[in-house]
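Input: a single structure, listed below in structure tokens.
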Amino acid sequence: MPVKYGKFEMPEKIKLDESSQTATFARFIVEPFERGFGHTIGNTLRRIMLASLEAPAILSVRIEGVPHEYMAFEGAIQDMTHIVLNLKGALLRRLVSEDHAHPRDIEMVTRHLDITDEMIEKGGGSYKVTLKDLFADSKYDVVNPDHLIFTATKPMTKRIDLRVGNGRGYVPSERHSQFERQVDEIVIDSAFSPVRLVNYYVENTRVGQDTDFDRLILEVTTDGRVTPVEALTFAAQIGIQHLAVFDAIKTHAIYFDKGEMQVNRDRDEVLQKLSLKINEIELSVRSTNCLALANIETIGELVVMPESDMLRFRNFGKKSLTEIKQKLDELGLSLGMDLSKYGINRDNIKQVIQDYVQEKTGTPEV
């Protein structure tokens, strides 16, 4: 038998702060949550993003003629200890997704490095070996291709083998047990996590007359191997997958009471938007004229129209349709909306708006 619960305030959209967005940083704003749920959701997503997202990293290195990491080799300014540290800073991203490949498959990237006198002279007496030299023509995209590995001061020919694999979090070298170490192979610590920092803040937000609901603000910084949007979506999916198992012990289904007061409040908020005139949403002249010719005067008359009907209007093209959909999305509306729960449909929309305007202003809609 279903169990009836009181209504939970739930966010319907997530807002991305585009003014501060970069390739590695994004701020997300989600509201409203019931009091306390901002911290519950924010902390959960933060922990998952920091510890559970996967990305490639270098597991080991083998350089021809270098038997261990506590030595230098002729022609290089840096010793192997510094080279290993530099390799830890490699930011790799898999280029091709192979469905038949296991996500934890380990690949060997082999590079025959040939540094000539001409290359040394061109560099003013030295040649900087960077990540792009080691991963050219590989299956990996290098986020920081100019990251220095070592500086060569003499011509040399070296075979360099790099073992690369996927993982989570930070794994020290002694815990790399998924492959058999070869002769002269130096196993290194691996930083797999592509997320560098996650901050979350919870503020009060208003729903109707109440101001004690939660607004969740998430600030996500990555290293470029994934975007902040990808990091958040991956974390959400991981969380949902882990919670799904608890559905197996369900003894009663629950449904939530929205309540008459909430329905009326929602209806009032929706009607405020629906009663806006077309010229109040700053459409282009072409789109405004097309809607005027179709005798569409308010947002309400617009949102009850499906896309297919819109394209039948004279001089109305896909560019105008895209512009209108974008403006409606900013209002939390869309074309072809089902407004039946508010008692609104395509046949009565004009009358409903007229009644609403008259009720609010005391004068009929003109």
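So the sequence shown is numbered by the working numbering: it starts at 1205 and just counts up by one. Beta carbons: idealized from backbone N, C-alpha and C, even for Gly.
The beta strand (DSSP E) enclosing residue i, as first and last residue numbers
| i | result |
| --- | --- |
| M1360 | 1360-1372 |
| M1312 | 1311-1319 |
| S1264 | 1258-1267 |
| T1401 | Looking at the sequence provided, one finds Leu at residue 1401 rather than Thr. Taken as a continuous stretch (DSSP letters only), the beta strand (DSSP E) holding L1401 covers 1399-1411. |
| L1291 | Segment 1284-1292 is the alpha helix (DSSP H) holding L1291; no beta strand (DSSP E) there. |
| T1502 | That residue, T1502, is in no beta strand (DSSP E); it is neither H nor E in DSSP. |
| P1236 | 1229-1237 |
| A1481 | Correcting the residue identity first, residue 1481 is Lys in this sequence and not Ala. Here K1481 belongs to no beta strand (DSSP E), and DSSP marks it neither H nor E. |
| K1219 | 1218-1220 |
| T1355 | 1352-1356 |
Start-to-end residues for the alpha helix (DSSP H) that takes in residue i
| i | result |
| --- | --- |
| I1553 | 1553-1565 |
| L1254 | 1241-1255 |
| R1490 | 1489-1497 |
| E1511 | 1511-1514 |
Length of the line joining the Cα atoms of residue i and residue j
| i | j | result |
| --- | --- | --- |
| M1465 | P1376 | Low confidence applies to M1465: its pLDDT is 47, below 50, so where it sits in the model is not reliable, and the reading given next is rough at best. Approximately 57 Å between the Cα atoms of the pair. |
| K1292 | I1262 | 7 Å |
| E1235 | T1526 | 26 Å |
| Y1546 | V1474 | 9 Å |
| M1323 | T1334 | 14 Å |
| I1571 | R1410 | What the structure shows of the chain is the stretch from 1205 to 1570, and residue 1571 is not part of that stretch, so it cannot be assessed. |
| D1416 | V1402 | 25 Å |
| K1343 | L1299 | 5 Å |
| M1541 | F1383 | 56 Å |
| V1489 | T1314 | 60 Å |
| S1223 | A1435 | 19 Å |
| Y1560 | R1550 | 16 Å |
| M1312 | F1517 | 59 Å |
| D1427 | R1400 | 6 Å |
| L1532 | S1512 | 16 Å |
| I1576 | I1310 | For residue 1576 there is no data in the structure shown, the boundaries of the chain being 1205 and 1570. |
| P1206 | D1472 | 30 Å |
| H1452 | F1232 | The residue asked about is misnamed: residue 1452 is Ala in this sequence, not His. Their backbone Cα atoms lie some 32 Å apart in a straight line. |
| S1491 | I1485 | 11 Å |
| K1217 | F1438 | 17 Å |
| H1351 | N1290 | 8 Å |
| Q1530 | L1515 | 16 Å |
| A1340 | L1254 | 30 Å |
| P1359 | Q1386 | 27 Å |
| Y1209 | K1454 | 15 Å |
Distance CB(residue i)-CB(residue j) smaller than 8 Å
| i | j | result |
| --- | --- | --- |
| V1449 | A1230 | no |
| P1215 | N1370 | no |
| T1357 | G1279 | yes |
| E1388 | R1297 | Note that residue 1388 is Asp in the sequence shown here, rather than Glu. No; because the gap between Cβ atoms is not below 8 Å, this pair is not in contact. |
| R1419 | G1269 | no |
| G1443 | T1248 | yes |
| A1276 | M1284 | yes |
| P1510 | L1543 | no |
| I1353 | L1338 | yes |
| I1151 | T1502 | The chain is shown from 1205 up to 1570; residue 1151 falls before or after that span and cannot be answered. |
| T1355 | S1330 | yes |
| V1346 | K1336 | yes |
Expected contact under 8 Å - CB spacing of residue i and residue j to nearest Å
| i | j | result |
| --- | --- | --- |
| Y1405 | I1392 | Not confirmed; about 36 Å, so no contact. |
| F1212 | F1520 | Between F1520 and F1212 the Cβ distance is about 41 Å, and since that is not below 8 Å, they are no contact. |
| I1482 | I1500 | 7 Å |
| G1504 | L1487 | Between L1487 and G1504 the Cβ distance is about 15 Å, and since that is not below 8 Å, they are no contact. |
| P1398 | L1257 | 6 Å |
| V1508 | I1553 | 5 Å |
Closer than 8 Å to chain B by CB, residue i
| i | result |
| --- | --- |
| P1398 | Of the protein chains in this structure there is only one, and it is not chain B. |
Would you mind listing the beta strand (DSSP E) stretches within the stretch 1407-1462 that are 3+ residues and don't spill past its ends, in chain order?
-> Annotation note: the stretch 1407-1462 contains the following uninterrupted beta strand (DSSP E) runs of length 3 or greater, listed N- to C-terminal: 1414-1426, 1458-1460.
Counting only runs of 3+ residues fully inside the stretch 1519-1555, write out the beta strand (DSSP E) ranges in chain order.
-> none
Ranges of the alpha helix (DSSP H) found wholly within the stretch 1315-1350, counting only runs of at least 4 | 1321-1326, 1335-1338
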